[in-house]
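> Have a look at this one.
There are 2 protein chains.
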Amino acid sequence: MKNISIILVKPQMGENIGATARVMKNFGITDLRIIAPRDGWPNERATAMSAHAGDIVAKAKIFETIADAVADMNMVFATAAKSRDMEKPLITPEQAADISFRQQPAKVGFMFGRESSGLDNNDISYANYHVSIPVSAEYTSLNLAQAVCVMCYEMFKKYPEQGSRTEVLEPLSARKDIHEMLSFMERELDNKGFFQVAEKKAGMMINIRNIFTRGNYTEQEVRTLRGIFNAMLK
Amino acid sequence: MKNISIILVKPQMGENIGATARVMKNFGITDLRIIAPRDGWPNERATAMSAHAGDIVAKAKIFETIADAVADMNMVFATAAKSRDMEKPLITPEQAADISFRQQPAKVGFMFGRESSGLDNNDISYANYHVSIPVSAEYTSLNLAQAVCVMCYEMFKKYPEQGSRTEVLEPLSARKDIHEMLSFMERELDNKGFFQVAEKKAGMMINIRNIFTRGNYTEQEVRTLRGIFNAMLK
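First to last, the sequence lines map onto chains R and Z.
Residues in the first sequence are numbered consecutively from 1, following our numbering.
Residues in the second sequence are numbered consecutively from 1001, following our numbering.
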């Protein structure tokens, strides 16, 4: 992920720069480049909004032009709404993540335009690909940091991170414990006259077995179920 | 997408409610439910932040409890960080989108916790599945509206493929039927003296709720379970 950069082209609101830094850090991306921020630099609101990603805001690199900002990169993606005159291959965020990953260790940049009007054709002309995030036709304007969120999320899914947490699941009960519980239930339900029509009993037991085999219960949960049944039978 | 709801559990900041509404509309989801918003309701900052999604904020439904908010739903997903004591299948946003899509036309809800602390174990016990958004171990705390963004984006990617679903699943029971069954069990277990140590009862009920919310039961299966319990109680 250290080879991936987020490039904001003429962003207008400091809050959006801060929210961008925060979500970059959530997905393990740390290089932020900003071209001609409207309100100058540094920007207090960007720092405030970044929460625990103040380090990313603090070391953001400021440029005058796209050409300068992407000079050291190997591949650039322009994230923008679909337009009528497409000059670049139009791809999805997933495809962009896949293409950039296959190019590793290339340096890769993702450009995002200003809040009011996005990237123009001139901006997009600096990119290898035009990425369009699929959105509802009812409301196509994504917040800047939300667009960054989608791209970083797709990159993070693609690029396995070293040291990311692995889950430790509770061991499940042995199947025999489930089967014993079901036999116990069958006996007790017989005693209570639950199976009124003998011919239907087998089918009813299949239904009951489906209910309790689907649960992926831990050993403790099987004990809890047994305890519940014993209490009810008292 | 009209069968999908976003459920915010005790959200603290109006800005995040507004940003949530905006990104919901970007991805074609319109039903917003809010449980006990900290600053009351309506909330001017939510409306201001929602931009062109003011309609979603205006018709958001306010509830006191999770049980009420999800009563008419068939399947509930809890979006939360990974925890040590997992009681529910832990799935990715993609898997959640896939599972919910295969259950259509089931009514599906995605729960998100308060900004400061997320969903607690009691909240999660109302869900069928625990969804965890993959994030960097360096900074795991996603902004609320960014978490909603990732889920809505994955749903939007999945759902336009109408007609690709071939299997027809049995419709699931409404959550209120599960809640009524659990209330019935709690009452009857109380009568039987099952909860011997009063201080442990709440925790035991969370365990029991987890066992029975995970089952994806059909209406018929809930009736079967009620029949089993009634027979045992005779």
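We put the beta carbon where it would ideally sit given N, CA and C, even for glycine.
Owing to the predicted nature of the structure, the values given are computational and were not obtained by experimental measurement.
How long is the line joining the alpha carbons of Z:Ser1164 and Z:Gly1193, rounded to whole angstroms?
Note that Z:Ser1164 scores a pLDDT of 47, beneath 50, so its modelled location is shaky; the value from the coordinates is reported in the next line. Near 51 Å, if we compare the C-alpha coordinates of Z:Gly1193 and Z:Ser1164.
> What is the rounded straight-line gap between the Cα of R:Arg22 and the Cα of Z:Val1148?
Spanning the two alpha carbons is a distance of roughly 15 Å.
> How many angstroms separate the CA atom of R:Ser183 from the CA atom of R:Tyr217?
C-alpha separation (whole angstroms): 17 Å.
> Which residue wins for smallest C-alpha separation from Z:Lys1088, given the options Z:Gly1227, Z:Leu1233, Z:Arg1223 and Z:Ile1206?
Looking at the Cα atoms, Z:Ile1206 is the closest of the given residues.
> Spatial neighbours of R:Ile34 within its chain, please: C-beta separation below 6 Å, excluding the five flanking residues on both sides.
Within the same chain, R:Ile34 has close Cβ partners Leu8, Ala60 and Ile62.
> I'd like to know whether the C-beta of Z:Phe1184 is nearer than 8 Å to at least one C-beta of chain R.
Z:Phe1184 does not count as touching chain R.
> Where does Z:Tyr1129 fall in DSSP's three states?
Residue state, collapsed to three classes: strand.
> Measuring only the C-alpha atoms, how far is Z:Val1108 from Z:Glu1154?
In a straight line, the C-alpha of Z:Val1108 is about 14 Å away from that of Z:Glu1154.
> For chain Z, find out if any of its Cβ atoms is closer than 8 Å to the Cβ of R:Gly118; answer yes or no.
No, no contact with chain Z.
> Name the chain Z residues that come within less than 7 Å of R:Leu233, Cβ to Cβ?
Residues of chain Z passing the Cβ test: Met1232.
> Between which two residues does the beta strand (DSSP E) holding R:Leu237 run?
Coverage of chain R is limited to positions 1 through 234, which leaves residue 237 of chain R absent and any answer about it impossible.
> If I'm right that R:Ala145 touches R:Ala19 with Cβ under 8 Å, what's the distance once you round it to whole angstroms?
Rounded, the Cβ-Cβ distance is 4 Å, consistent with contact.
> In chain R, which residues lie less than 9 Å from Z:Glu1199 when you measure between Cβ atoms?
None at all; the shortest Cβ gap to chain R is about 17 Å.
> Rounded C-beta distance between R:Val135 and Z:Phe1027? I'm assuming under 8 Å.
At roughly 6 Å, the Cβ-Cβ gap stays under 8 Å, so R:Val135 and Z:Phe1027 are in contact.
> Can you check whether the CB of Z:Phe1077 is closer than 8 Å to the CB of Z:Ala1096?
Closer than 8 Å, so yes.
> Give a yes or no on whether the minimum CB-CB distance between R:Pro134 and chain Z is below 8 Å.
Interface residue, yes.
> Rounded to whole angstroms, what is the Cα-Cα separation between R:Gln162 and R:Val70?
Unreliable placement is indicated for R:Gln162, whose pLDDT of 45 sits below 50; no coordinate value is reported for it.
> How would you write the range of the alpha helix (DSSP H) that R:Phe110 sits in, first residue to last?
Taken as a continuous stretch (DSSP letters only), R:Phe110 belongs to no alpha helix (DSSP H), being part of the beta strand (DSSP E) at Val108 to Phe112.
> If you draw a straight line from the C-alpha of R:Ala198 to the C-alpha of R:Arg187, how long is it?
Taking the straight line from one Cα to the other gives about 14 Å.
> R:Glu15 to R:Gly54, Cα distance in whole Å?
If you take the alpha carbons of R:Glu15 and R:Gly54, they lie about 12 Å apart.
> From R:Phe229, R:Phe212, R:Lys25 and R:Gln220, pick the residue whose C-alpha is nearest to that of Z:Val1222; which is it?
Closest option to Z:Val1222, Cα to Cα, is R:Phe212.
> Can you give me the Cβ contacts of Z:His1052 inside the same chain, cut-off strictly under 6 Å, excluding the 5 residues immediately before and after it?
Hits under 6 Å: none found.
> Return helix, strand or coil for R:Thr20, following the three-state DSSP convention.
Here R:Thr20 sits in helix by DSSP.
> Taking C-beta to C-beta, are R:Gly215 and Z:Gly1203 nearer than 8 Å?
No. Outside cutoff.
> With DSSP as the reference, label Z:Arg1038 as helix, strand or coil.
Looking at Z:Arg1038 - three-state DSSP - the assignment turns out to be coil, as it is neither helix nor strand.
> Between Z:Pro1171 and chain R, is there a C-beta pair that is closer than 8 Å?
No, no contact with chain R.
> CB-CB under 6 Å to Z:Ala1046, same chain, minus the five flanking residues each way: which ones, in chain order?
Result list for Z:Ala1046: Gly1014, Ile1017, Gly1018 and Val1057, in chain order.
> In this structure, does DSSP put Z:Lys1061 in helix, strand or coil?
Looking at Z:Lys1061 - three-state DSSP - the assignment turns out to be strand.
> Going along chain Z, which residues have a C-beta under 8 Å from R:Gln23?
A small correction: the amino acid at residue 23 of chain R is Val; Gln does not occupy that position in the sequence shown. Here the neighbours are Leu1142, Asn1143 and Gln1146.
> When the distance is taken between beta carbons, is Z:Pro1093 closer than 8 Å to Z:Met1151?
For Z:Met1151 and Z:Pro1093, yes; Cβs fall inside 8 Å.
> Under three-state DSSP, which class holds Z:Asp1123?
Correct three-state label for Z:Asp1123: helix.
> For the alpha helix (DSSP H) that R:Val246 lies in, which residues bound it at each end?
As shown, chain R starts at 1 and ends at 234. That puts residue 246 of chain R outside it, with no answer to give.
> Cutting at 7 Å between CB atoms, please list the residues of its own chain near Z:Phe1195, excluding the five before and the five after it.
Leu1189, Lys1201 and Met1204, listed in sequence order.
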